[in-house]
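A short worksheet on the structure shown next.
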Amino acid sequence: VLSGAGIAGRGALRAATAVAALAAGTVQARAILARLEAAAIVGFGGYPCVAPVLAARLLRRRPAVILHEQNAVLGRANRMLSRGADLLALSHAGTTRVPAGLRMLVTGNPVRPAIMALAGHDYAAPADEIRLLVLGGSLGARVFSDVVPPALAALPQDVRARLRVTQQCRAEDLDRVRAAYAASGIAAALAPFFADVAALLAQAHLVIARAGASTVAELGVVGRPAILVPLPGAIDDHQTANARALTGSGGAWAIAQRGFTPPALADVLEQLLAAPERLVAAAKAAASCGEAHAAARLADAVEQELARRRHHHMTQESIP
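Numbering (UniProt numbering), first residue to last: 1 to 320.
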C-alpha cells in the first residue's frame, strides 16, 4: 500500500502532511514500477493514482501513462496529471474541465460482468406490480429515508397497493423506514446493503438514486429509467453533470436535493406511474447511453497506445 493523502480542502498543517505522504508514496511507487519494468500505467483518478503516475515520469524508461475519468467533470487529480499523460480516456463525450490539446478517447465507464450481462435485455412496463428500487450509494442516503416513504404514502391507495419497494437504508434508519411503509400499507424490502444489485436493477421498473459515476453507467447499460438526486457538495458538482448524461437523452429525471421533498417526489411519481409509456421511452433512452464494453475498449486503448509507442521507437531507431 502506497503512502498518500488528498490535499484539497485541508488546513496548512494537514496539507503539508499530505504532501509529505505523497512524496513518500512517489518514491515507493517508483521502486515498484522499476522492479516490474512496467510498460504502461493506468490511473483512475483520485489521490491514490497521483503518486504512481508521478513516479512513472521519473523512470528512465518511462511507461505509457493512460488516465481514465469516470465522471462527466474531469477530476482534480486527473486535471493535474493530464498534461503528462499519453492518453485521456473519458466516460462521457461531453466531459468538462478538460485541458486543451490532450489526446482523448471516449471509452465509457467499465461496469461489473453481472451488469454487462444485462445489456440489451428488454424493459417491460409495470403491469400489476410496480417495482421501485431506491439506492443510496455505499453508505445509504439518509435523504431517501426521509423523503421517499412519505412521498409514496401520498400516492393514491390503488397505486400504493401495487408498489414493491426495495430500498437501501442506513442501519440506524431501518426501523423507522420499515414502520413508515407498514403504516402506508406498502410492501418494502429494506437493507443497508444489497449483494446483487444487478438482479435488482433487472427487475426494477423505476430507480431512485444518487448520480455517482458507477450508478449512471449501470443505469445506461441495463437501460432503466431513474429519478436522480445528485449529491450536493460533490467536488465540482460532478454528480449534476453525471445526471445530465442521462437526462439529456430523456433516460432519467433529475431533482436537486434542495427541491427533493415528499410533495415534489410524489407529484413526479404520480405522473410517471400514470403514463407507463413514459417509463418505456426513458428506459430505451437510458439504454442508448450505455456502454457495456467499456472495459474492453479501455484495454484495447492501452494496447494500441503501447503499439503506437513501439512503432515510434522503431521509427526513431531507423533514422540514421
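Just so you know, even glycine gets a beta-carbon here, dropped at the ideal spot from N, CA and C.
Nearest-angstrom Cα separation, counted from residue j out to residue i
{"i": "E69", "j": "R30", "result": "23 Å"}
{"i": "residue 370", "j": "V50", "result": "Nothing can be reported for residue 370: it is not among the residues displayed for the chain, which extend from 1 to 320."}
{"i": "P262", "j": "E277", "result": "24 Å"}
{"i": "L81", "j": "I66", "result": "10 Å"}
{"i": "A217", "j": "T107", "result": "12 Å"}
{"i": "T215", "j": "M314", "result": "43 Å"}
{"i": "A100", "j": "L74", "result": "12 Å"}
{"i": "A64", "j": "I41", "result": "6 Å"}
{"i": "G290", "j": "M116", "result": "10 Å"}
{"i": "H92", "j": "V98", "result": "12 Å"}
{"i": "L88", "j": "R308", "result": "15 Å"}
{"i": "D86", "j": "P52", "result": "15 Å"}
{"i": "A141", "j": "A161", "result": "25 Å"}
{"i": "R57", "j": "S249", "result": "40 Å"}
{"i": "Q168", "j": "A151", "result": "16 Å"}
{"i": "P192", "j": "R170", "result": "5 Å"}
{"i": "V268", "j": "G251", "result": "15 Å"}
{"i": "A296", "j": "L273", "result": "37 Å"}
{"i": "P156", "j": "H121", "result": "31 Å"}
{"i": "V222", "j": "V19", "result": "41 Å"}
{"i": "Q28", "j": "F44", "result": "19 Å"}
{"i": "V302", "j": "L105", "result": "11 Å"}
{"i": "A299", "j": "H311", "result": "19 Å"}
Endpoints, the alpha helix (DSSP H) within which residue i is located
{"i": "V65", "result": "Careful: V65 lies outside any alpha helix (DSSP H), inside the beta strand (DSSP E) at A64 to E69."}
{"i": "V216", "result": "A213 to V222"}
{"i": "I115", "result": "P113 to M116"}
{"i": "L246", "result": "H238 to T247"}
{"i": "E270", "result": "P262 to L273"}
{"i": "R78", "result": "Per the sequence shown, residue 78 should be read as Asn rather than Arg. R76 to S82 is the extent of the alpha helix (DSSP H) around N78."}
{"i": "R57", "result": "V50 to L58"}
Beta-carbon proximity check, residue i vs residue j, cutoff 8 Å
{"i": "L246", "j": "G220", "result": "yes"}
{"i": "V111", "j": "P149", "result": "no"}
{"i": "L206", "j": "A179", "result": "no"}
{"i": "L228", "j": "A266", "result": "no"}
{"i": "R258", "j": "P230", "result": "no"}
{"i": "A34", "j": "L59", "result": "yes"}
{"i": "H293", "j": "N71", "result": "no"}
{"i": "G212", "j": "G136", "result": "no"}
{"i": "A119", "j": "L279", "result": "no"}
{"i": "S26", "j": "A55", "result": "Before going on, a small fix: residue 26 reads as Thr here, not Ser. Their beta carbons are under 8 Å apart, which means T26 touches A55 by this criterion."}
{"i": "I130", "j": "L163", "result": "yes"}
{"i": "D173", "j": "S145", "result": "yes"}
{"i": "I235", "j": "L132", "result": "no"}
{"i": "T166", "j": "A183", "result": "no"}
Residue i (DSSP reduced to helix, strand or coil)
{"i": "V229", "result": "coil"}
{"i": "V302", "result": "helix"}
{"i": "V280", "result": "helix"}
{"i": "V98", "result": "coil"}
{"i": "G43", "result": "strand"}
{"i": "A89", "result": "strand"}
The beta strand (DSSP E) enclosing residue i, as first and last residue numbers
{"i": "V207", "result": "L206 to A209"}
{"i": "A252", "result": "A252 to A254"}
{"i": "G25", "result": "From DSSP, G25 is part of no beta strand (DSSP E) but of the alpha helix (DSSP H) over A12 to L36."}
{"i": "V106", "result": "M104 to V106"}
Chain B contact for residue i (CB, 8 Å cutoff)
{"i": "F193", "result": "Among the chains of the structure shown, chain B does not appear; only one protein chain is present."}
Open item on the list: Threshold first: 4 residues or longer. Then list the alpha helix (DSSP H) segments lying entirely within the segment 127-201, N to C.
Closed with: Listed in chain order, the complete alpha helix (DSSP H) runs (minimum 4 residues) inside the segment 127-201 are 142-153, 157-162 and 174-184.
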